[in-house]
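Quick note on numbering: UniProt numbering labels position 52 of the sequence shown as 52, and the sequence is numbered without any gaps.
Down below is the structure, laid out as structure tokens.
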Amino acid sequence: MCAYNMPKNGQNTVNENTADMSTSASADKAGSLSDERQFSHMFHVEQLDKAVQYLQSGGVLAYPSESVWGLGCDAFCEQAVREILRIKNRPEEKGVIVLANHADVLKPLLADLPDDEQQQLIARAADNVVRHDGQAVQAKTWLVPVAAAAGIPSWLTGQFDSLAVRITPHPILQKLCEGLKSAHNPYGFLVSTSCNPSGCEPAMNFEQAASYFYDDVGYLLAQNLGFDKPSQIVNLLTDEVLR
Numbered sequence: 001m002c003a004y005n006m007p008k009n010g011q012n013t014v015n016e017n018t019a020d021m022s023t024s025a026s027a028d029k030a031g032s033l034s035d036e037r038q039f040s041h042m043f044h045v046e047q048l049d050k051a052v053q054y055l056q057s058g059g060v061l062a063y064p065s066e067s068v069w070g071l072g073c074d075a076f077c078e079q080a081v082r083e084i085l086r087i088k089n090r091p092e093e094k095g096v097i098v099l100a101n102h103a104d105v106l107k108p109l110l111a112d113l114p115d116d117e118q119q120q121l122i123a124r125a126a127d128n129v130v131r132h133d134g135q136a137v138q139a140k141t142w143l144v145p146v147a148a149a150a151g152i153p154s155w156l157t158g159q160f161d162s163l164a165v166r167i168t169p170h171p172i173l174q175k176l177c178e179g180l181k182s183a184h185n186p187y188g189f190l191v192s193t194s195c196n197p198s199g200c201e202p203a204m205n206f207e208q209a210a211s212y213f214y215d216d217v218g219y220l221l222a223q224n225l226g227f228d229k230p231s232q233i234v235n236l237l238t239d240e241v242l243r
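Structure follows, in structure tokens:
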């Protein structure tokens, strides 16, 4: 079990071998997670403007996504992205997924391709969910080629020449992405990596997210979309399903 511990040096650590949180100091923290006053940055859905301001100031935010909880930041804030990699113990070369609110924002990434192919790929990316019997059951993440002129930083792509982008169907996350659009982040990209330290199960709710990261991150209190699987990963150019 991955449990949050409060070490003396103020940096969070994760104990993957703790069988019973009730016997540890973290049990007291976990048992009182419903008390919002202990968290420095807590946002309700009516406070999305404040959540955007927090993200634009370099904050790291835990939030409900389409399925599991995500951990994110302004994708163009290098310090915040590196903080996510640090607290997750995630290698930079893996890259990260980013969320966008509309497929049209991908056009600059596809600038090296002919115009007609760009339009075809943007239309493909707009198909952002997997359906079964007419019901949306899974989000899609697209691996998008990155034109050099698009200005996508290496801390997002890692060792790859493509960027993992999900056109989120979550209405609250769409609003966050729209709010993040600026001269600094013209795409409105929001980092979306699973809310867990490396090697631990992704958080499914606020309590689990807070047990991992406590007050090291902010929290958006909302609901996920109820999808029971992580996003499907698809190569945008070939339509090949990779996960």
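Beta carbons are placed, not taken as given, at the ideal position from N, Cα and C, and that holds for glycine.
A quick note: this is a predicted structure, and the numbers were derived from the prediction, not measured.
Note that the C-beta distance between Val191 and Val45 is not below 8 Å.
Take Gln79, set aside five residues on each side of it, and the residues of its chain with a beta-carbon closer than 6 Å to its own are Gly58, in chain order. The alpha carbon of Val146 has as its nearest neighbour, out of Leu180, Gln232, Ile167, Leu110, the alpha carbon of Leu110. Taking 8 Å as the cut-off, the Cβ atoms of Ile84 and Cys73 count as close. Rounded to whole angstroms, the gap between the alpha carbons of Phe76 and Leu156 is 9 Å. A direct Cα-Cα distance of roughly 25 Å separates Trp69 from Ser182. Annotation for Glu178: Asn101, Gly188 place their beta carbon closer than 8 Å to its own, counting only its chain and skipping 5 residues before and after. Annotated three-state conformation of Gly179 is helix, per DSSP. If you check the CB distance, Val137 and Leu163 do not come in under 8 Å.
Distance check between Glu66 and each of Leu237, Pro91, Gln119, Asp228 places Asp228 closest, using alpha-carbon atoms only. Check the Cα spacing between Gly226 and each of Leu180, Gln135, Val241, Ala62: the tightest is with Gln135. Here the C-alpha atom of Cys195 lies approximately 11 Å from the C-alpha atom of Val217. Here the alpha carbon of Val96 sits roughly 12 Å from the alpha carbon of Trp142. Where Ile87 is concerned, the enclosing alpha helix (DSSP H) starts and stops at 78-88.
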